[in-house]
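As structure tokens, the structure follows; a few thoughts come after it.
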Amino acid sequence: MKRFNRFLNNILSIPLALLVLLLALLPFRLLYLFSHLLYFLLWHVTGYRKKVVLDNLKKAFPDKEEEERLQIARGFYRHLSELIMESVGLMTAPASSMRRRIKLDEESSELMRRYYKEGRSAILTLGHYGNWEWMGAGINLENPGQLIAGYRHLRNKVFDQIIYRTRMRFYRQLIGSKQLARKMVGMAAAKEPAVFALLADQWPRPDTAFWVNFLDRETPFFTGPEKLARKLGHAVLFCSIRKQKRGSYRINIQVLTEDPKSLPQQEITQGYATLLEQEIRRAPQYWLWSHRRWKKEKQEV
467 MKRFNRFLNN ILSIPLALLV LLLALLPFRL LYLFSHLLYF LLWHVTGYRK
517 KVVLDNLKKA FPDKEEEERL QIARGFYRHL SELIMESVGL MTAPASSMRR
567 RIKLDEESSE LMRRYYKEGR SAILTLGHYG NWEWMGAGIN LENPGQLIAG
617 YRHLRNKVFD QIIYRTRMRF YRQLIGSKQL ARKMVGMAAA KEPAVFALLA
667 DQWPRPDTAF WVNFLDRETP FFTGPEKLAR KLGHAVLFCS IRKQKRGSYR
717 INIQVLTEDP KSLPQQEITQ GYATLLEQEI RRAPQYWLWS HRRWKKEKQE
767 V
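Under my numbering, the letters of the sequence shown match residues 467 to 767, in that order.
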């Protein structure tokens, strides 16, 4: 029965997928017009995950007035609507257009070139902040052939192929999330350098997570980036993606450590959480508030 339901879901998603592909043919200026409609639907009509968003904001910013948190929430839904349309536009946008819209700053570009020249591998940590879907384009167009990312396949095969092919435009390789650690170990053994991009701010299994201070709360984080860095000796970098204005982003890459084995346990994870928090506090509307980041308190685990 599950197999039939999955098949039916794939079939029924084809008309929606065709609509998305048609939208991808439009220039960004028209896609942004659709983002206004999408914002209206998400915020005013469906209230998409509004309770989760407002609850997260209350936990993260208990000292802010309710009206200020509502203002951040509205800003988040506007950004989310633009982000969705920007992801659609990424399917067909020419490289020249992406170069104008997302740029890697010169210091970060020089850092990537140095790692490439030295044949050095690194783990590039980032969060669901700004436009993480465009990050591959911003880095790869300046430094082609370095960036590898994990990819979690969708159950819906139709949209899985669309998203996979879109992301593959700007990555050296996409590797299934469950196979990524094994691939990294194999490449290290073969002395094949690469930069591995890892989104590290999702909700992990709390009983196996590192609990660190994040937005003034004990928050669980995945242990994978830190453990892999220690095991393989890879440098750990932090990637910030700052929104300058609609459709314009700037990427900055900072070094968290180039000697992970020398640091105390959890210090790398805490460093990542601290830098991500700084980005969020600077402009909170650009973080993905719609995922349930604080499902449980530490004492409940």
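In this text, a Cβ means the ideal position worked out from N, Cα and C, and glycines have one as well.
As the crow flies, the alpha-carbon of Val651 is around 28 Å from that of Tyr595. Note that the segment 584-598 touches the segment 705-716; at least 3 beta-carbon pairs, one per stretch, sit closer than 8 Å.
Taking the C-beta atoms as reference points, Trp677 is found no nearer than 7 Å to Phe542.
In the displayed model, Pro493 falls within coil according to three-state DSSP, outside both helix and strand. Linking Ile746 to His757 through their CA atoms gives a straight-line distance of about 15 Å. Within the model, the alpha-carbon separation for Lys524 versus Arg535 is close to 7 Å. Counting along the chain, Val511 sits inside no alpha helix (DSSP H), nor does DSSP assign it H or E at all. Distance between Ala666 and Ala739, taken at the CA atoms: about 9 Å. Contact between the segment 601-620 and the segment 576-587 is established, with three or more Cβ pairs separated by less than 8 Å. Judged by beta-carbon spacing, Val661 lies within the 7 Å limit of Gln612, meaning their Cβ atoms are closer than that value. In this structure, the CA atom of Gln751 is about 7 Å from the CA atom of Ala539. Of the residues Arg671, Leu520, Gly555, Phe506, the one whose Cα lies closest to the Cα of Arg633 is Gly555. Under the three-state reduction of DSSP, Arg759 is assigned to coil, being neither helix nor strand.
If you draw a straight line from the Cα of Lys761 to the Cα of Glu584, it comes to about 42 Å. Judged by their CB atoms, Ser574 and Pro659 are not nearer to each other than the 7 Å cut-off. CA-to-CA, the gap between Thr685 and Asn679 works out to about 6 Å. DSSP, read as helix, strand or coil, puts Phe625 in helix.
Here Ile550 has Ser501, Leu504 as same chain residues with Cβ atoms under 8 Å from its own Cβ, once five neighbours each way along the sequence are excluded.
Here the alpha carbons of Val486 and Leu492 stand approximately 10 Å from one another. Fully enclosed alpha helix (DSSP H) runs of no fewer than 4 residues occupy 601-606 of the segment 588-618, in order along the chain.
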